[in-house]
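Heads up: the structure comes next, in structure tokens.
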Amino acid sequence: MNALILPFSYPLMADAAMIAVIVAIPAALLSCFLVLKGWALMGDGISHAVLPGIVLAYAMGLPLLIGAFIAGMICALSAGWLDANSRIKPDTALGVVMAGLFAFGLILFTLFPPGIHLDHILFGNILGIGPADFAQAAPIALAVSAILLLKWRDFALLAFDPVQARVSGLATNWLHYGMLAMIAASVVAMLSAVGIILAVGLLIAPGAIAFLLTRRLAAMMALATATAVVSSLAGIWTSFWLNSAPAPTIIVILTALFVLAFGWRQLAPRP
Numbered sequence: 002m003n004a005l006i007l008p009f010s011y012p013l014m015a016d017a018a019m020i021a022v023i024v025a026i027p028a029a030l031l032s033c034f035l036v037l038k039g040w041a042l043m044g045d046g047i048s049h050a051v052l053p054g055i056v057l058a059y060a061m062g063l064p065l066l067i068g069a070f071i072a073g074m075i076c077a078l079s080a081g082w083l084d085a086n087s088r089i090k091p092d093t094a095l096g097v098v099m100a101g102l103f104a105f106g107l108i109l110f111t112l113f114p115p116g117i118h119l120d121h122i123l124f125g126n127i128l129g130i131g132p133a134d135f136a137q138a139a140p141i142a143l144a145v146s147a148i149l150l151l152k153w154r155d156f157a158l159l160a161f162d163p164v165q166a167r168v169s170g171l172a173t174n175w176l177h178y179g180m181l182a183m184i185a186a187s188v189v190a191m192l193s194a195v196g197i198i199l200a201v202g203l204l205i206a207p208g209a210i211a212f213l214l215t216r217r218l219a220a221m222m223a224l225a226t227a228t229a230v231v232s233s234l235a236g237i238w239t240s241f242w243l244n245s246a247p248a249p250t251i252i253v254i255l256t257a258l259f260v261l262a263f264g265w266r267q268l269a270p271r272p
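According to my numbering, the residues represented by the sequence shown are 2 to 272, in order.
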């Protein structure tokens, strides 16, 4: 029992576990809809595209989160516009926009190096979490989680049958761009914890694991959330004993769970 709770007896590790759980919940809920809509790359693209926004915000003396959110929305909206107004497929459009913005961000980083290390932007600094990080991440996580839990049926109909959603009178454009805004906001909330690159793991893996294990969306959302929370706590705990970086350890555990879920699905008898 002592070995189980020992890592969390240190304030540094306890804060890391708390922020990991806070950002994991909205990311897990979003991941269900990203998987269902085939938007897995959207989370990846937005997470990479926030870099130029962070650097420009620092250069202009603005809060970094504002710059990250604006850059994420520019990526999402640009990819959507290219998809609707050209022959380019959605994944190609997103790849071009994401790569361009990320590369632009790296150039800006060399010209206007912000006060935080590039490794902290890319991979997070979960062991250096402070009160300001909680104050930024918690409201975003609460707002995104509340919206998804209240409107999950509308988002589900939009994911499964956009035409039926429009005929039913749903404000599909608001739902569509609202989802993009929540992805961008969640990426911003995860910056301090898992960073740009690893944020995509929390935005895809929990939903993918739950998708393999259940056929009902409500159960999928609950299972994805539980998976993300348990993996976050397990990753923090494991990193203490292995002396490894916590954020990558969380993603490795999620990946291992996905492999197990995939293996179980392959071996389980067909209904």
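In this text, a Cβ means the ideal position worked out from N, Cα and C, and glycines have one as well.
Straight-line CA distance for residue i to residue j?
i: residue 54; j: residue 196; result: 14 Å
i: residue 51; j: residue 207; result: 22 Å
i: residue 220; j: residue 210; result: 12 Å
i: residue 253; j: residue 60; result: 34 Å
i: residue 177; j: residue 255; result: 27 Å
i: residue 3; j: residue 70; result: 41 Å
i: residue 238; j: residue 22; result: 13 Å
i: residue 41; j: residue 90; result: 14 Å
i: residue 83; j: residue 264; result: 37 Å
i: residue 243; j: residue 112; result: 37 Å
i: residue 182; j: residue 172; result: 15 Å
i: residue 260; j: residue 63; result: 42 Å
i: residue 164; j: residue 39; result: 17 Å
i: residue 268; j: residue 78; result: 41 Å
i: residue 148; j: residue 230; result: 19 Å
Less than 8 Å between C-beta atoms, sequence neighbours within five positions excluded: which residues of the same chain meet that for residue i?
i: residue 246; result: 124, 240
i: residue 258; result: 206, 210, 228, 232
i: residue 174; result: none
i: residue 35; result: 41, 43, 44, 184, 204, 205, 208
i: residue 20; result: 127, 130, 134, 135, 138, 193, 194
As a quick exercise: from the options, pick the residue whose alpha carbon is nearest that of residue i.
i: residue 169; options: 145, 156, 248; result: 156
i: residue 25; options: 238, 244, 234, 260; result: 234
i: residue 1; options: 130, 262, 162, 113; result: There is no way to answer for residue 1, as the model of the chain reaches only from 2 to 272.
i: residue 93; options: 107, 181, 76, 36; result: 76
i: residue 100; options: 183, 45, 40; result: 45
i: residue 217; options: 37, 248, 204, 62; result: 37
i: residue 131; options: 68, 14, 87; result: 14
i: residue 194; options: 134, 163, 151, 164; result: 134
i: residue 150; options: 269, 63, 180; result: 180
i: residue 73; options: 172, 191, 260, 86; result: 191
i: residue 98; options: 62, 268, 58, 81; result: 81
Given a threshold of 16 other Cβ atoms within 10 Å of its Cβ, counted over all protein chains shown, does residue i qualify as buried or as exposed?
i: residue 250; result: buried
i: residue 226; result: buried
i: residue 166; result: buried
i: residue 126; result: buried
i: residue 140; result: exposed
i: residue 161; result: exposed
i: residue 103; result: buried
i: residue 200; result: buried
i: residue 6; result: exposed
i: residue 108; result: exposed
i: residue 159; result: buried
i: residue 68; result: buried
i: residue 87; result: exposed
i: residue 58; result: buried
Leaving out five residues before and five after residue i in sequence, what residues of the same chain have Cβ atoms less than 6 Å from its Cβ?
i: residue 27; result: 142, 145, 146, 187
i: residue 48; result: 188, 197, 200, 201
i: residue 266; result: 213
I'd like the list of long-range same chain contacts for residue i, defined as Cβ closer than 7 Å, with 5 residues on each side in sequence excluded.
i: residue 222; result: 30, 33, 153
i: residue 66; result: 137, 189
i: residue 224; result: 211, 214, 215
i: residue 17; result: 127, 128, 130, 237, 247
i: residue 9; result: 15, 18
i: residue 105; result: 53
i: residue 56; result: 106, 109, 110, 113, 115
i: residue 95; result: 42, 43, 46, 80
Ignoring anything shorter than 4 residues or poking outside the region 155 to 212, list the alpha helix (DSSP H) runs there in chain order.
Complete alpha helix (DSSP H) runs here, min 4: 163 to 168.
Length-filtered (4 minimum) alpha helix (DSSP H) runs lying within the region 62 to 106:
Counting whole runs of 4 or more residues, the region 62 to 106 contains the alpha helix (DSSP H) stretches 65 to 86.
Please list the segments of the alpha helix (DSSP H) lying wholly inside the region 30 to 59, counting only runs of 4 or more residues, in order along the chain.
Listed in chain order, nothing qualifies, since the region 30 to 59 has no complete alpha helix (DSSP H) run of 4 or more residues.
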